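Q: Residue numbers (the working numbering): 1099 to 1734.
Ideal placement from N, C-alpha and C gives every residue a C-beta, glycine not left out.
Remember, predicted model here, so these are calculated numbers, not experimental data.
Structure in structure tokens, see below.
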């Protein structure tokens, strides 16, 4: 193709509020009431027949088409809420079963929404503290991949939303939507007239030896044969013990201890893996296909970020260098997982990384900025699977999936696409496809904004995901009034340690959450020995010193000891699909399948797209296989 006399300067700004730093109080898109007039139920052992099990209760509620939400387990006490239209059938079912629950009527459910909410450390502390300062106590809390939800008395819902909107500086909905539309339009206008581009992303196992490198080169040549201009994004080569893998590079300095580690220097080191991969793959593609190539760092490819080392957010993409390449018939091979900051004087800043698995984010951002025909992500399996094929041999490839479903799967442990990559693709309407490397007949999994399949065929469930090892943390506070004021302090300490929480739940005396195993030492260090107090107007003034099991007891003057109980190694197994919260009986079906196999539920949670179950880590494989079978996903 003849190179144009003047390459257009297509600088794409990705600084919409969704992608801004949450710590700077941007990124929250809404604080709103999503449901009114709920009834909140608490069922303790004293209020139900001894033979009634958790799974049987929710199975019967489903049989009566009684949809419930905010289901939580606190020891032997079960909590859940019902929307107004289901209250009559819920209470009739409870009466039939001989259950006499505690019930609180006229409750409203409010939601604070932001992209990647689960990945934002400290957000729970800010929410609960903001409400506590106004003497508003959530009856229950729940976390989803893009929201934190709080159930509050109906007369407190409006002031609670106003407080949260003010605290997090939430722009008016109409202004946010206008800004979003203008931003998307600017991107499309900037890319108008550019050559048709396809972004090809190759992960670490797709570039770590000559055989797979050759397969990757074939895909590049194939895309070129489709009259598309390929832009390649690569991860670091392979996994441990490959000497250029991210983990091996980290170990070069982590073996000396992390206490004196400079995060700037660590990011510079870890970015080398992708840079090496880009240089090698540029050479291999040119050698095996005859195409001209050019290796680029993330910064050279125009990826401008904020300065958060280790988990930077992309601020904008300057596409000039990439467009000069594709217009000249050159294949840019871009190092994923990284970008560069810009100093106030305009000079080149620091190299920063975008977080583990974020080469997907690089690919999606470049696809959005270039208005690519498609972003193709190559893996070692045939697209997105209905479960981990290592656990479920008859797992099937999902032919199409929505952005929301795959984002939930990614957050809950499925190794598919990075959540931020999905958010960018969803915002800019960028088509995504996940394919198997080297399979020319593989159509893979298309990621679409709207569902392309009938709901009933899959019984509402798309796939089963499971997390890595997690640990439940429980703090029992003897005085419910103290617990109200202590909870924000607990969340603050964990948030300041930059640890994200899962399956957050509270009852009058209990604070409960789950953390990933690799974050457990950090949580123990943050909480152990810390003094928290219920102080201020209208508060008891009681002081407590937190004592983590397994650590030496701490003495802190007149502070009373408060035990932090860390449970056994666990895992979150999740059923993911559409309209999960609104299909009666879904919780019952999940609970019954696990109950019949003797798998104990320690906690549950979920969103409109998932039902999450905390179970003993030793039951992971059995639980995944059982749920896959229970929803007949192998028949799809």
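Whose C-alpha, out of 1659, 1535, 1496 and 1527, is nearest the C-alpha of residue 1577?
A: When only C-alpha atoms are compared, the closest one is 1659.
Q: Between the stretch 1127-1138 and the stretch 1565-1574, do three or more beta carbon pairs fall short of 8 Å?
A: Because the criterion of three Cβ pairs below 8 Å is not met, the stretch 1127-1138 and the stretch 1565-1574 do not touch.
Q: Evaluate residue 1122 with the Cβ neighbour count: other Cβ atoms within 10 Å of its Cβ, from every protein chain shown; 16 or more gives buried, anything less gives exposed.
A: Any answer about residue 1122 is weak, because its pLDDT of 27 lies below 50 and its placement is not dependable; what the coordinates show is given next. Answer is exposed; the Cβ neighbour count stays below 16.
Q: Rounded to whole angstroms, what's the CA-CA distance from residue 1231 to residue 1321? Just pull it up for me.
A: Distance between the alpha carbons of residue 1231 and residue 1321 is about 57 Å.
Q: In whole angstroms, give me the CA-to-CA distance for residue 1191 and residue 1173.
A: Taking the straight line from one Cα to the other gives about 23 Å.
Q: Could you check whether the stretch 1421-1428 touches the stretch 1470-1477, counting it as contact only if at least three pairs of C-beta atoms, one from each stretch, sit closer than 8 Å?
A: Short answer: they don't touch.
Q: Flag this pair as yes or no: are the beta carbons of residue 1401 and residue 1378 separated by less than 8 Å?
A: No.
Q: Scan the stretch 1417-1454 and note each continuous alpha helix (DSSP H) run of 4 residues or more that stays entirely inside, going in chain order.
A: Listed in chain order, they are 1418-1425.
Q: Per DSSP, residue 1570 is paired with what?
A: Answer is 1612, bridged to residue 1570.
Q: Does the distance from the CB of residue 1613 to the CB of residue 1591 come in under 8 Å?
A: It is not a contact, given that the beta carbons lie outside the stated cut-off.
Q: Where residue 1375 and residue 1329 are concerned, what is the direct C-alpha to C-alpha distance, given to the nearest angstrom?
A: Rounded to whole angstroms, residue 1375 to residue 1329 spans 15 Å at the Cα level.
Q: Considering only DSSP beta bridges, list what residue 1561 is partnered with.
A: Paired residues: 1674.
Q: Going by the DSSP bridge assignment, what does residue 1701 pair with across the sheet?
A: For residue 1701, which the question treats as bridged, DSSP gives the partners 1712.
Q: Quick one: give me the first and last residue of the beta strand (DSSP E) that residue 1138 is part of.
A: It spans 1126-1141 - the beta strand (DSSP E) in which residue 1138 sits, taken as one unbroken run.
Q: Are the Cβ atoms of residue 1137 and residue 1197 separated by less than 8 Å?
A: For residue 1137 and residue 1197, no; Cβs fall outside 8 Å.
Q: Could you tell me whether the stretch 1379-1396 touches the stretch 1309-1316, where touching means 3 or more Cβ pairs closer than 8 Å?
A: They touch, by the three-pair rule.
Q: Per DSSP, which one or two residues make a beta bridge with residue 1228?
A: Paired residue(s): none; residue 1228 is not in a bridge.
Q: Short of 8 Å in beta carbon distance, which residues of its chain neighbour residue 1556, apart from the five on each side in sequence? Order them along the chain.
A: Annotation note: pLDDT 47 at residue 1556 (below 50); position unreliable, coordinate value reported separately. Same-chain partners within the cutoff: 1675, 1729, 1731 and 1734.
Q: Beta-carbon within less than 8 Å of residue 1663's beta-carbon, same chain only, minus the 5 sequence neighbours each way: which residues are those?
A: Same-chain partners within the cutoff: 1571, 1572, 1573, 1574 and 1647.
Q: Would you kindly work out how many angstroms separate the C-alpha atoms of residue 1413 and residue 1257, rounded to a whole number?
A: For residue 1413 and residue 1257, the distance between alpha carbons rounds to 33 Å.
Q: Contact check, residue 1390 vs residue 1429 under 8 Å by CB: the rounded distance?
A: Indeed they touch by this definition, with Cβ atoms about 7 Å apart.
Q: Given a threshold of 16 other Cβ atoms within 10 Å of its Cβ, counted over all protein chains shown, does residue 1168 qualify as buried or as exposed?
A: Buried.
Q: Could you check whether the stretch 1462-1471 touches the stretch 1519-1527, counting it as contact only if at least three pairs of C-beta atoms, one from each stretch, sit closer than 8 Å?
A: The stretch 1462-1471 vs the stretch 1519-1527: in contact.
Q: Give me the Cβ distance between residue 1326 and residue 1296, rounded to the nearest whole Å; I'm assuming they're in contact under 8 Å.
A: Right, their Cβ atoms sit about 4 Å apart.
Q: Do residue 1543 and residue 1482 have their C-beta atoms closer together than 8 Å?
A: Yes, the pair counts as a contact, with Cβ atoms nearer than the cut-off.
Q: Helix, strand or coil for residue 1214, going by three-state DSSP, please let me know.
A: Residue 1214 falls in the coil class under three-state DSSP.
Q: With a CB to CB cut of under 6 Å and the five nearest residues on each side skipped, what residues in its chain are close to residue 1735?
A: Since the displayed the chain opens at 1099 and closes at 1734, residue 1735 lies outside it and no answer follows.
Q: Alpha carbon to alpha carbon, how far is residue 1631 from residue 1175?
A: For residue 1631 and residue 1175, the distance between alpha carbons rounds to 27 Å.
Q: With H, G and I counted as helix, E and B as strand and the rest as coil, what does DSSP make of residue 1384?
A: Correct three-state label for residue 1384: helix.
Q: Residue ranges of each beta strand (DSSP E) run of no fewer than 3 residues wholly in the stretch 1301-1345, ordered along the chain?
A: With a minimum length of 3 residues, the continuous beta strand (DSSP E) runs that stay inside the stretch 1301-1345 are 1327-1332.
Q: Is the stretch 1717-1728 touching the stretch 1485-1502 in the sense that three or more CB pairs, one from each, lie closer than 8 Å?
A: Verdict: yes, contact present.
Q: With respect to the beta strand (DSSP E) encompassing residue 1477, which residues constitute its N-terminal and C-terminal limits?
A: Segment 1472-1477, the beta strand (DSSP E) holding residue 1477.
Q: Using the Cα positions of residue 1311 and residue 1345, report the straight-line distance between them to the nearest angstrom.
A: Each residue's alpha carbon lies about 21 Å from the other.
Q: Between which two residues does the beta strand (DSSP E) harbouring residue 1168 extend?
A: Looking at the DSSP string, the run of the beta strand (DSSP E) that includes residue 1168 is 1166-1172.
Q: Counting Cβ pairs, one atom from each stretch, are 3 or more of them under 8 Å apart for the stretch 1439-1450 and the stretch 1264-1272?
A: No, the stretch 1439-1450 is not in contact with the stretch 1264-1272.
Q: In the DSSP assignment, what are the bridge partners of residue 1240?
A: Answer by DSSP bridge pairing, in chain order: 1247.
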